[in-house]
Amino acid sequence: MSTSNYILDFLGIKDKNIKFIKFSNNMRKNNVIYKVIDAKLSYTPNICPICGNMDKNAIIKHGNKISNIKLLPLNGDPTILKLRKQRFFCKECSHTFTAKTNIVEKNCFISNRVKLHITENLTMKISQKDIARLNYVSSNTVSRSLEANYKAFRVNKSYLPETLCFDEFKSTKDAKGSMSFIFCNGDRKNFNIMDIVENRTLPYLTKYFRKFTCKARANVKYICIDIYKPYMSLIKDVFPNAQIVLDKFHIVNLIGRALLKTRIEIMKNFYFLY
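Just so you know, we're using our numbering here: the sequence shown kicks off at 4 and counts up by one.
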């Protein structure tokens, strides 16, 4: 592996079309001094993204466009990748276009690795202002990242699978209920957590599930639960076509406790034998 590839690999840049040039002079931006890494992005395009022309001979190089892309801090220092993106000219449609890379979104100057790091920071007990400071971005950038992740995990209120599984667990201290509620897709092939609700009380869950469309709730055929009466009331009230399936673990557990209680009562009647 060449020195250039070692450096790019160290920076977490996997795009093989990017070639390291040099470490450049530091750059001052918004009263912050950045380390600057010069690199070039170039390749031979197979098609013109504007007109669809596939004649490689009709697509020629046409200068460069420089983009200053924020990377993760290097040894604690803010770092910018000064990327010289190759521009191309299509003789067929007389339009120009710029080489693309997967390290950054189009028209964005914050690398995807920085965005991922911001997302990881959002799972920690740390303010958005501090996250922005650690990643050398604005607070608005952190807010947009939070909103983008929320949209990605937003529950589709127009769909519910045929089989659901209900359960509860002890979550965070600031949750509204003593126990939080979790429900999953019960399909073996598509098993996944659908959502987590911070309160498992009947009024709270009823209000939550009524936000789903009638068609979505009517699509549910089976719901697996433990022996918790509010769940049974919820299912009868909100899921018109669903059958209740009791988790066999809880059934066996209930039978075991009943047998133990019966055994103790019988033993009390024969205490004089001991």
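Quick reminder that beta carbons are idealized off the backbone N, C-alpha and C, glycines included.
Within the region 176-264, complete alpha helix (DSSP H) segments of at least 4 residues are found at 205-212, 217-221, 232-241, given in chain order.
If only complete runs of 4 or more residues are kept, the region 49-113 shows no alpha helix (DSSP H) anywhere. Per the Cβ contact rule, the region 214-234 is in contact with the region 143-163 (3 or more Cβ pairs under 8 Å). In this structure, the straight-line span from the alpha carbon of ILE62 to that of LYS19 is close to 21 Å. For GLU165, there is no enclosing beta strand (DSSP E), as DSSP marks it with neither H nor E.
Within the model, the alpha-carbon separation for ARG147 versus ASN124 is close to 14 Å.
Around the C-beta of PHE169, 16 or more other C-beta atoms lie within 10 Å, and the residue is accordingly described as buried.
In the three-state reduction of the DSSP assignment, VAL145 falls in the helix class, which pools H, G and I. Fewer than three Cβ pairs drawn from the region 51-61 and the region 21-28 lie within less than 8 Å of each other, which leaves the two stretches out of contact. The C-beta distance from ILE247 to ILE226 rounds to 6 Å, short enough to meet the 8 Å contact threshold.
Taking all protein chains in view, the Cβ of ARG87 is crowded by 16 or more other Cβ atoms within 10 Å, so the residue is classified as buried. Per DSSP, reduced to three states, the secondary structure at ASP12 is helical.
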